[in-house]
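Numbering (this note's numbering), first residue to last: 19 to 169. Here's the structure we're looking at; comments come further down.
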Amino acid sequence: MATFAAGCFWDVEAEFRRRAGVIATRVGYTGGDVSDPTYEQVSSGDTGHVEAVQVVFDPARIPYSDLLSLFWGILDRSPGMDENQRPVIFYHSPEQEAAAEDFLKRIMRTPGVPVPVEVRPAGTFWEAEENHQHYYEKCGQGYGTSTKFWG
(Lines of atoms letter the chains of each structure in order from A and count residues from 1; the text may use other names and numbers.)
(Lines give C-alpha, C1' and ligand atoms only; values in the text may rest on other atoms or scores of the structure.)
Protein backbone atom coordinates (compact mmCIF):
# COMPACT_ATOMS: atom_id res chain seq x y z
CA MET A 1 0.00 0.00 0.00
CA ALA A 2 1.10 3.56 -0.74
CA THR A 3 -0.61 6.87 0.08
CA PHE A 4 -0.10 10.17 -1.73
CA ALA A 5 -1.56 13.67 -1.62
CA ALA A 6 -0.70 15.61 -4.77
CA GLY A 7 -3.59 17.98 -5.42
CA CYS A 8 -7.20 17.23 -6.29
CA PHE A 9 -7.70 13.59 -5.44
CA TRP A 10 -9.87 13.00 -8.52
CA ASP A 11 -6.92 13.79 -10.81
CA VAL A 12 -4.41 11.88 -8.71
CA GLU A 13 -6.57 8.76 -8.45
CA ALA A 14 -7.22 8.72 -12.20
CA GLU A 15 -3.52 8.78 -13.00
CA PHE A 16 -2.62 6.03 -10.54
CA ARG A 17 -5.54 3.83 -11.64
CA ARG A 18 -4.35 3.69 -15.22
CA ARG A 19 -0.91 2.27 -14.35
CA ALA A 20 -0.11 -1.39 -14.83
CA GLY A 21 0.61 -2.98 -11.48
CA VAL A 22 -1.85 -0.81 -9.57
CA ILE A 23 -4.46 -3.17 -8.17
CA ALA A 24 -6.86 -0.74 -6.50
CA THR A 25 -7.24 2.87 -5.44
CA ARG A 26 -9.49 4.80 -3.10
CA VAL A 27 -9.68 8.48 -2.29
CA GLY A 28 -10.03 9.94 1.16
CA TYR A 29 -8.70 12.21 3.83
CA THR A 30 -5.72 11.78 6.12
CA GLY A 31 -3.15 13.68 8.14
CA GLY A 32 -5.52 15.77 10.22
CA ASP A 33 -7.17 15.66 13.58
CA VAL A 34 -10.89 15.36 12.79
CA SER A 35 -12.51 11.92 12.87
CA ASP A 36 -14.55 10.82 9.87
CA PRO A 37 -14.41 14.19 8.09
CA THR A 38 -16.60 15.18 5.15
CA TYR A 39 -15.43 16.68 1.87
CA GLU A 40 -16.84 20.05 2.92
CA GLN A 41 -14.96 19.97 6.23
CA VAL A 42 -11.66 19.05 4.58
CA SER A 43 -12.16 21.64 1.82
CA SER A 44 -12.52 24.34 4.47
CA GLY A 45 -8.87 23.80 5.40
CA ASP A 46 -9.68 23.63 9.10
CA THR A 47 -9.24 19.88 9.70
CA GLY A 48 -5.53 19.47 8.93
CA HIS A 49 -6.44 16.66 6.51
CA VAL A 50 -5.36 16.49 2.88
CA GLU A 51 -7.15 14.94 -0.07
CA ALA A 52 -5.22 11.71 -0.60
CA VAL A 53 -5.19 8.53 -2.63
CA GLN A 54 -4.39 5.10 -1.25
CA VAL A 55 -2.84 2.82 -3.84
CA VAL A 56 -2.70 -0.95 -3.55
CA PHE A 57 0.03 -2.12 -5.90
CA ASP A 58 1.98 -5.18 -6.95
CA PRO A 59 5.66 -4.33 -6.33
CA ALA A 60 6.71 -7.02 -8.83
CA ARG A 61 4.89 -5.08 -11.58
CA ILE A 62 5.35 -1.49 -10.39
CA PRO A 63 7.98 -0.74 -7.76
CA TYR A 64 7.44 1.92 -5.12
CA SER A 65 10.13 4.04 -6.79
CA ASP A 66 7.94 4.20 -9.93
CA LEU A 67 4.99 5.33 -7.81
CA LEU A 68 7.18 8.12 -6.40
CA SER A 69 8.11 9.20 -9.92
CA LEU A 70 4.46 9.19 -10.93
CA PHE A 71 3.58 11.23 -7.83
CA TRP A 72 6.18 13.82 -8.81
CA GLY A 73 4.98 13.89 -12.40
CA ILE A 74 1.35 14.57 -11.52
CA LEU A 75 1.96 16.80 -8.52
CA ASP A 76 -0.13 19.97 -8.74
CA ARG A 77 2.45 22.77 -8.67
CA SER A 78 -0.09 25.58 -8.93
CA PRO A 79 0.75 28.62 -6.81
CA GLY A 80 -1.57 29.21 -3.90
CA MET A 81 -2.62 25.58 -3.56
CA ASP A 82 -5.33 25.01 -0.96
CA GLU A 83 -4.16 23.66 2.40
CA ASN A 84 -6.20 20.48 1.88
CA GLN A 85 -4.40 19.80 -1.42
CA ARG A 86 -0.81 20.27 -0.27
CA PRO A 87 1.67 17.57 -1.35
CA VAL A 88 2.42 14.80 1.14
CA ILE A 89 3.92 11.34 0.81
CA PHE A 90 2.57 9.13 3.59
CA TYR A 91 4.82 6.15 4.23
CA HIS A 92 3.69 2.74 5.46
CA SER A 93 7.10 1.28 6.30
CA PRO A 94 10.65 2.38 7.10
CA GLU A 95 11.62 1.31 3.57
CA GLN A 96 9.01 3.62 2.04
CA GLU A 97 10.15 6.47 4.28
CA ALA A 98 13.78 6.04 3.22
CA ALA A 99 12.83 5.77 -0.46
CA ALA A 100 10.65 8.91 -0.29
CA GLU A 101 13.32 10.94 1.51
CA ASP A 102 16.01 9.80 -0.95
CA PHE A 103 13.77 10.52 -3.94
CA LEU A 104 12.99 14.04 -2.74
CA LYS A 105 16.66 14.81 -2.02
CA ARG A 106 17.51 13.87 -5.61
CA ILE A 107 14.58 15.82 -7.07
CA MET A 108 15.32 18.97 -5.07
CA ARG A 109 18.84 19.10 -6.56
CA THR A 110 17.45 19.55 -10.06
CA PRO A 111 16.98 23.06 -11.43
CA GLY A 112 13.56 24.65 -11.11
CA VAL A 113 11.19 25.87 -8.50
CA PRO A 114 11.33 23.68 -5.40
CA VAL A 115 8.00 22.29 -4.29
CA PRO A 116 7.73 21.66 -0.56
CA VAL A 117 6.64 18.05 -0.06
CA GLU A 118 6.03 16.59 3.37
CA VAL A 119 6.98 13.01 4.19
CA ARG A 120 4.87 11.71 7.07
CA PRO A 121 3.90 8.37 8.57
CA ALA A 122 0.59 7.02 7.31
CA GLY A 123 -2.18 7.29 9.86
CA THR A 124 -5.89 6.81 9.81
CA PHE A 125 -7.28 7.07 6.30
CA TRP A 126 -10.88 8.24 6.17
CA GLU A 127 -12.47 7.07 2.93
CA ALA A 128 -14.17 9.87 1.00
CA GLU A 129 -17.82 9.79 0.14
CA GLU A 130 -18.86 7.32 -2.58
CA ASN A 131 -19.49 10.05 -5.16
CA HIS A 132 -15.74 10.91 -5.03
CA GLN A 133 -14.51 7.33 -5.60
CA HIS A 134 -13.44 6.66 -9.22
CA TYR A 135 -14.87 10.06 -10.09
CA TYR A 136 -13.75 10.23 -13.72
CA GLU A 137 -15.27 6.84 -14.48
CA LYS A 138 -18.59 8.00 -13.02
CA CYS A 139 -18.73 11.36 -14.78
CA GLY A 140 -17.52 10.14 -18.15
CA GLN A 141 -14.30 12.13 -18.36
CA GLY A 142 -11.20 10.42 -19.68
CA TYR A 143 -7.92 10.12 -17.84
CA GLY A 144 -5.36 12.89 -18.10
CA THR A 145 -7.91 15.60 -18.95
CA SER A 146 -6.59 17.93 -16.29
CA THR A 147 -4.32 20.71 -17.49
CA LYS A 148 -2.43 20.80 -14.21
CA PHE A 149 -0.34 17.69 -14.91
CA TRP A 150 3.30 18.48 -15.59
CA GLY A 151 4.53 14.93 -16.04
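Even glycine gets a Cβ: it sits at the ideal position worked out from N, Cα and C. Keep in mind it's a predicted model, so treat the numbers as computed, not measured.
field: Cα-Cα separation, Ser124 to Thr65
entry: Looking at the sequence itself, residue 124 is Arg, so the reference to Ser does not match. Approximately 31 Å, taken between the alpha carbons.
- prompt: Three-state secondary structure (DSSP) at Ala70?
  reply: strand
query: Does DSSP classify Phe22 as helix, strand or coil?
result: strand
field: Candidates Gly25, Arg35, Glu147, of which the one nearest Glu155 by Cα
entry: Arg35
query: At what residues does the alpha helix (DSSP H) containing Ile125 begin and finish?
result: It spans 112–126 - the alpha helix (DSSP H) in which Ile125 sits, taken as one unbroken run.
message: So if DSSP puts Arg137 in a beta bridge, which residue, or which two residues, is it bridged to?
response: A small correction: the amino acid at residue 137 is Val; Arg does not occupy that position in the sequence shown. DSSP, once it has assigned bridges, lists Ile107 as partnering Val137.
- request: Just the C-alpha distance for Asp120 and Trp144, rounded to the nearest angstrom, thanks.
  value: Whole-angstrom Cα-Cα distance: 28 Å.
- request: Report the three-state DSSP secondary structure of Ser32 (helix, strand or coil).
  value: Looking at the sequence shown, residue 32 is not Ser but Ala. Of the three classes helix, strand and coil, the one that applies to Ala32 here is helix, per DSSP.
message: Please classify Gly25 as buried or exposed, where buried requires at least 16 other C-beta atoms within 10 Å of its C-beta.
response: buried
- request: With a cut-off of 8 Å on the beta carbons, I'd call Ala118 and Tyr47 a contact; round off their distance for me.
  value: Not quite, the Cβ-Cβ distance comes to about 20 Å (not below 8 Å), so this is no contact.
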